[in-house]
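Input: a single structure, listed below in structure tokens.
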Amino acid sequence: MSKKILKEEKVNLENKIEEDSTQDFNSKMTIFYSPKTGKIAHVPDGKQDMDYFAEDKDDFNYEFLVVEKDLYIKNNPEKFIVQDGEVRLKLNPELDKYNVAR
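For the record, in the sequence shown the residue sitting at position 38 is 38 according to the UniProt record's numbering, with numbers rising by one throughout.
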């Protein structure tokens, strides 16, 4: 009987989905970005790594950050860059002449 339990335990461990995985998918996002320019290339949900790109992962030279999900960043990645390990709003020189409302 112990061999059967071990076999079942092995199957359960191999097929186990971590309890956090759904929560992470809903609360985190991964930002893939160019290490040279900081330009954000992809923003998938959850915790990802370069395996996100599957067989094409060797074709990309991205670094990535896992951060709390922020739908504004996710939906507007062109307005942000990654600089010094932080997501930062890009400055728009065309708008510098306008005062900012508070």
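Note that CB positions come from ideal geometry on N, CA and C, so glycine has one too.
For the pair ARG88 and PHE80, the Cα-to-Cα distance works out to about 5 Å.
With a beta-carbon spacing of about 6 Å, LYS47 and THR30 fall inside the 8 Å limit used to define contacts.
When the Cα atoms are used, VAL100 and GLU63 turn out to be separated by approximately 33 Å.
Under a 10 Å Cβ-count criterion, PHE60 is classified as exposed, with fewer than 16 other Cβ atoms of the shown protein chains found around its own Cβ. A residue is called buried when at least 16 other Cβ atoms come within 10 angstroms of its Cβ; TYR33 meets this threshold and is buried. Bounds of any beta strand (DSSP E) do not take in LEU71; it lies within the alpha helix (DSSP H) bounded by 71-75.
Distance check between GLN23 and each of THR37, GLU68, PRO77 places GLU68 closest, using alpha-carbon atoms only.
The criterion of a C-beta distance shorter than 8 Å is not satisfied by ILE40 and VAL66.
For ASN26, the closest of LYS74, TYR98, LEU95 by C-alpha to C-alpha distance is LYS74.
Assigned with DSSP and collapsed to three states, THR22 falls in helix.
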